[in-house]
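A short write-up of the structure that comes next.
Residue numbers (this note's numbering): 1 to 124.
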């Protein structure tokens, strides 16, 4: 994900906010049974003015439709989330960040995410 694309390509920023400019993430699927899937997650957010923030946690997905997530941030905050999947094409997720400790984030406690799944060729 790339945030605030227009702002990040400016030479001089208009504000003094510590803007996030990129987020990288990865996960893999671990099938617990035919309906329950576990996904270990890792994410890294890069900021203009401070150190990067990493998230580590897991997501549980039931029947390829509903998911819940729990993440620990290197800032000491806890993030929880829930989401819905749409026929293997996309996911919509909602996060809440505790922000109980001083964080080098944009002080946003809520986050809404949308992801699209790209499918490649399967090889036999």
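Note that beta-carbon positions come from the ideal geometry of N, C-alpha and C, so glycine has one too. Note that the structure is a prediction, hence the values are computed from the model and not measured.
Three-state secondary structure (DSSP) of residue 52
coil
Notebook entry, point to check: Which residue or residues does DSSP assign as beta-bridge partners of residue 25?
Noted result: 43
In chain order, what residues of the same chain lie with their CB nearer than 6 angstroms to the CB of residue 43, ignoring the 5 residues before and after it?
25 and 55
*Go through its chain and collect everything with a Cβ distance to residue 62's Cβ below 7 angstroms, but skip five positions before and after it.*
35 and 36
Discussion item. For residue 36, list the residues DSSP reports as bridge partners.
Written reply: 62
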